[in-house]
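Residue numbers (this note's numbering), protein chains in the order written: chain X, 1 to 523; chain D, 524 to 878. First comes the structure, then the notes that go with it.
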Amino acid sequence: MTGPTLIIGSGTCARDVARHLTSEGRHTVIAAANETSGERPHLATDTPGSGSIENLTGARLSACRGFIGQFDATFTQNGATLQRRVAHIVIAEDNRRIPNFDLYRLRAGSVVQSLSAFRKEFAIRPETFANRRVVFLHGFRLESEPVLAEEVFRSALELQAVSGALAHVLTGNLKVAGNGLEALYHDAKNAGTLFFKLSDTQPTIQQSETGPVAIEYRDEVTGHDYYLSPDITVVDEHIVPAAYVEHLAAILGLRRGPAGFLQTENVHRLPVFTNRRGILAVGPARAVLSPADAEREAACGALAVLGLANLDERPHVDAAEIDPGHCIRCLTCFRLCPYGAVNKGSRIAVVADACAGCGICVAECPRGAIHLSSIRTVSEKETTAISASETPANNPRMVVFACARSAGKARELTEGHGQKSPADLKVVTVPCAGAVSVQHFLSAFAAGAAGIMVLTCHVDNCHSETGNLHARQRVDYLVDHLDRMGFGGDRLEIATLAANMPTEYADMIGHFSQKIQQRVNQR
Amino acid sequence: MAAKKEVLIIGGGVAGLSAALGLSQVGIRSVLVEKQVSLGGYAAQYACKATSACVKCGACMVMEKISRTVEDPNIDVLTGSRVDQISRTGGFKTVITQETSDGRTRHQTRETGAVILACGFKPFDPENKPYGYKRFANVVTNLDLERMLREKSVPLRPSDGAAPARMAFVQCVGSRDTQLGHLWCSKVCCASALRMARLIKMRRPATEITFFYIDVQTFGQEFQRFYDDVREEVHMIRAIPGDVYRTPGDRLTVVYYDFKSEQSREEPFDMLVLSIGITPAADARDLAAKVNLPTASSGFIPVAANGGYPETPGVFAAGTVCGPMGIAESVAAGDRAAQAAAAYLHGNIRAEVSS
Numbered sequence: 001m002t003g004p005t006l007i008i009g010s011g012t013c014a015r016d017v018a019r020h021l022t023s024e025g026r027h028t029v030i031a032a033a034n035e036t037s038g039e040r041p042h043l044a045t046d047t048p049g050s051g052s053i054e055n056l057t058g059a060r061l062s063a064c065r066g067f068i069g070q071f072d073a074t075f076t077q078n079g080a081t082l083q084r085r086v087a088h089i090v091i092a093e094d095n096r097r098i099p100n101f102d103l104y105r106l107r108a109g110s111v112v113q114s115l116s117a118f119r120k121e122f123a124i125r126p127e128t129f130a131n132r133r134v135v136f137l138h139g140f141r142l143e144s145e146p147v148l149a150e151e152v153f154r155s156a157l158e159l160q161a162v163s164g165a166l167a168h169v170l171t172g173n174l175k176v177a178g179n180g181l182e183a184l185y186h187d188a189k190n191a192g193t194l195f196f197k198l199s200d201t202q203p204t205i206q207q208s209e210t211g212p213v214a215i216e217y218r219d220e221v222t223g224h225d226y227y228l229s230p231d232i233t234v235v236d237e238h239i240v241p242a243a244y245v246e247h248l249a250a251i252l253g254l255r256r257g258p259a260g261f262l263q264t265e266n267v268h269r270l271p272v273f274t275n276r277r278g279i280l281a282v283g284p285a286r287a288v289l290s291p292a293d294a295e296r297e298a299a300c301g302a303l304a305v306l307g308l309a310n311l312d313e314r315p316h317v318d319a320a321e322i323d324p325g326h327c328i329r330c331l332t333c334f335r336l337c338p339y340g341a342v343n344k345g346s347r348i349a350v351v352a353d354a355c356a357g358c359g360i361c362v363a364e365c366p367r368g369a370i371h372l373s374s375i376r377t378v379s380e381k382e383t384t385a386i387s388a389s390e391t392p393a394n395n396p397r398m399v400v401f402a403c404a405r406s407a408g409k410a411r412e413l414t415e416g417h418g419q420k421s422p423a424d425l426k427v428v429t430v431p432c433a434g435a436v437s438v439q440h441f442l443s444a445f446a447a448g449a450a451g452i453m454v455l456t457c458h459v460d461n462c463h464s465e466t467g468n469l470h471a472r473q474r475v476d477y478l479v480d481h482l483d484r485m486g487f488g489g490d491r492l493e494i495a496t497l498a499a500n501m502p503t504e505y506a507d508m509i510g511h512f513s514q515k516i517q518q519r520v521n522q523r
Numbered sequence: 524m525a526a527k528k529e530v531l532i533i534g535g536g537v538a539g540l541s542a543a544l545g546l547s548q549v550g551i552r553s554v555l556v557e558k559q560v561s562l563g564g565y566a567a568q569y570a571c572k573a574t575s576a577c578v579k580c581g582a583c584m585v586m587e588k589i590s591r592t593v594e595d596p597n598i599d600v601l602t603g604s605r606v607d608q609i610s611r612t613g614g615f616k617t618v619i620t621q622e623t624s625d626g627r628t629r630h631q632t633r634e635t636g637a638v639i640l641a642c643g644f645k646p647f648d649p650e651n652k653p654y655g656y657k658r659f660a661n662v663v664t665n666l667d668l669e670r671m672l673r674e675k676s677v678p679l680r681p682s683d684g685a686a687p688a689r690m691a692f693v694q695c696v697g698s699r700d701t702q703l704g705h706l707w708c709s710k711v712c713c714a715s716a717l718r719m720a721r722l723i724k725m726r727r728p729a730t731e732i733t734f735f736y737i738d739v740q741t742f743g744q745e746f747q748r749f750y751d752d753v754r755e756e757v758h759m760i761r762a763i764p765g766d767v768y769r770t771p772g773d774r775l776t777v778v779y780y781d782f783k784s785e786q787s788r789e790e791p792f793d794m795l796v797l798s799i800g801i802t803p804a805a806d807a808r809d810l811a812a813k814v815n816l817p818t819a820s821s822g823f824i825p826v827a828a829n830g831g832y833p834e835t836p837g838v839f840a841a842g843t844v845c846g847p848m849g850i851a852e853s854v855a856a857g858d859r860a861a862q863a864a865a866a867y868l869h870g871n872i873r874a875e876v877s878s
């Protein structure tokens, strides 16, 4: 894991990651897709005794093969192809802003500007705003973000300092959930900015053919009607990922969140991890962050790289192994692995360093060609447990397959409170509920289980991204078949839990065991 | 003195746990000092707020961090412990007092190369606010409700254990309060309260919920959708109540000024939840002084201390000791402090080798 780290990004965040890594003696390659190089030096910089930075400008990732420790990244640069072999990849790409002109039915021009355009112009020529009345339209048709609120407050504060200038802020919810924002809001207000908050009503905004804007609204606090004819109307923006991020996600097999940012908002990946080991997402590529928060995340990214470089020093997870003799190259494992850990080379193999040991592939392989030592043990454990003689003969035997990360932890908490699971109920802890196959259910029923319950993570909370969905799909499939066979689909049940739900864990297994008991008694 | 490749972390909440785990990842040992008997801080008491899917509150992640910390051979966990004294000796020499589970007091001195201050926050005490907290049984805080949902799954009135038919949340209790000089938003309470409201609506759909607020804060990438949905389920009132009084049956009447009708209104509830703010920890100033970290007039340590100051080398701060932040941000702050501490220790080691 000693190779260089590839940092993809053109902005401050990418340079921050590189700075932290080089000061720890690591070698880095910064690949900026943009031609503009900003403040970055063009040549590789080496400092004796420390790491290095190689800058690739205008280099766009076109392909990437390999896994943690050895990624072969291909770039296109000025029509030529360029390759680099790296151990890890950090994506620190910038995001982009889209002005909300359409939202307010306004046309951009000299009297209607986006927040970014206004900030830029004001920074260069503040004096031209003397005696101007500026209205900021901020977050009342679309909820805004503290990052943008900070810029609005700061702009208003700075504007009030210009002779004769007056700032109005028309907003919905004032977004002050950022460091120092409430104080900044008070400063702007005390400097003379007029803030009007609208909760249920909307202002009437009209722009004449020649450009000028007229705004009418009712102040909800005083009930007074206001009519504004601003010299300049500043329209807020919304922040979306850079288009390049989508391209990177496709090449690198990364999952994205609802707004298109890298990561899926899965809390177990925070702050910088992605579904692929060795690939990290930091700063503006991952979420809407203030510059200070992005700077902090660059450090988190650097720490994660150092941690990955140190992986050899730490105990390895149990990795899946494919038996080449049984593999038919159907690529089911390749398609379903949430970690992108399957190497589709001359022979299909799971890359141990990239594997998180969830066992989804083990359960899905149509040939049973994949093995994971923890799952093999489960299978034996569960069969012995069910057929154990300690269960009184007339009591129904029940099996709970519990995801170790959620239900397994909840169970520990329940038992820590002194509550014991019913004696006739065997809990089999699995690395992920996605590891439990239809075969597992069938063999548990064959061994005499009267009921089986699967406890998995909530949707969007699975450590293995899709393990919970696979578990649900298999249960639904089998329930349907059990019903049709007259075996009783209600003997198999699935429910979702989190690690901090000990009460619900106890309730769920209590209800289930009662249901199965009643079912058996009715016979 | 030889550079010590070990870090003292004061506070075993989310930021402290993250810092310890982050350091361990890069092979650096730490001593994690927590004054409570268990790890995880306030966040370890929070309920899972998932409805049909995870709502990204992050509370479950805290459980996992605790287990990983306890099992980590690089982390020496001292619970029930307090830091009495820290002196700079090239590194740091710290006197720690531990109250062990068998009732004995144990003193020890640890030498480390760096210190991370992650001693957390103090929830605002709402007793002096006109909402009847501690006077009326059915007025609880958001932290009380978190624990209640964690332990009982549903809200129950403290006075009689009955399910409340009408509940109200009051936001910004002790936050955004110029009279108190609290010029900060506590950042986490809108998310926590609205997620709990939706969880209650899912488990007890008949519960009527009202939300008194100043401004609703954005959380998560799907906030717009969440906000649109929550307004269908929860009665949102943009006002902060002025008074609360008790009526027969331990019910509560909330008095607020309604700007739309320009008059004072009263609404009855069975249970009132006060979203109390994040305020500086009682011992933050004292601990910061022990390592020469400046404290702002708010009582929080400036967030710049996360990555450290040149004037106080080897000292870092992380988490809510620097101001309000949620679980996700505390994790990042813990990592940031770990990265800075690691860089500092490695720098010292390099300097020692080259000298």
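For glycine and all other residues, C-beta sits at the position ideal for the given N, C-alpha and C.
May I ask you to report which of helix, strand or coil DSSP gives residue i?
| i | result |
| --- | --- |
| H224(X) | coil |
| N343(X) | strand |
| V606(D) | strand |
| N521(X) | helix |
| M725(D) | helix |
| G451(X) | strand |
| A363(X) | helix |
| Q83(X) | strand |
| Y569(D) | coil |
| S374(X) | helix |
| G66(X) | strand |
| T2(X) | coil |
| K189(X) | helix |
Is residue i close to the ligand SAH? I mean its beta-carbon at under 7 Å from any heavy atom of the ligand.
| i | result |
| --- | --- |
| S62(X) | The ligand content of the structure shown is nil, which means the ligand SAH is not present either. |
According to DSSP, which residues form a beta bridge with residue i?
| i | result |
| --- | --- |
| N95(X) | P241(X) |
| I60(X) | According to the sequence shown, residue 60(X) is Arg rather than Ile. BP columns for R60(X) point to T76(X). |
| K616(D) | S610(D), E634(D) |
| S464(X) | Paired residues: none, contrary to the question. |
| T733(D) | A691(D), H758(D) |
| N55(X) | I30(X) |
Would residue i and residue j qualify as a contact pair, given that the criterion is a beta-carbon distance under 8 Å?
| i | j | result |
| --- | --- | --- |
| V711(D) | G822(D) | no |
| N829(D) | C845(D) | yes |
| L775(D) | V693(D) | no |
| A576(D) | N500(X) | no |
| R769(D) | F659(D) | yes |
| I98(X) | H238(X) | yes |
| R680(D) | N665(D) | no |
| G857(D) | A641(D) | yes |
| V454(X) | I509(X) | no |
If you compare alpha carbons, which of the options is closest to residue i?
| i | options | result |
| --- | --- | --- |
| R105(X) | A80(X), D490(X), V234(X) | V234(X) |
| G467(X) | A363(X), A320(X), R133(X), F487(X) | A363(X) |
| K724(D) | A688(D), V739(D), L703(D) | A688(D) |
| I609(D) | E875(D), V876(D), A811(D), E852(D) | A811(D) |
| Y569(D) | R859(D), V593(D), A576(D), G536(D) | G536(D) |
| R141(X) | Y185(X), K197(X), D483(X), R519(X) | K197(X) |
| A714(D) | T632(D), L816(D), S547(D), F749(D) | F749(D) |
| P120(X) | R154(X), D94(X), E143(X), H88(X) | One point to set straight first is that residue 120(X) is Lys, not Pro, in the sequence displayed. Measuring from the Cα of K120(X), the nearest candidate turns out to be R154(X). |
| V739(D) | E731(D), T730(D), R718(D), A729(D) | R718(D) |
| A281(X) | P291(X), V267(X), Q263(X) | Q263(X) |
| F122(X) | V454(X), I509(X), H88(X), V162(X) | V162(X) |
| R107(X) | H371(X), E465(X), I205(X) | I205(X) |
#### Entry: In chain order, each beta strand (DSSP E) run of at least 3 residues that lies wholly inside the region 245 to 323 of chain X
279 to 281
### Query
Which runs of the alpha helix (DSSP H) spanning at least 4 residues fall entirely within the region 119 to 185 of chain X, listed in chain order?
146 to 160
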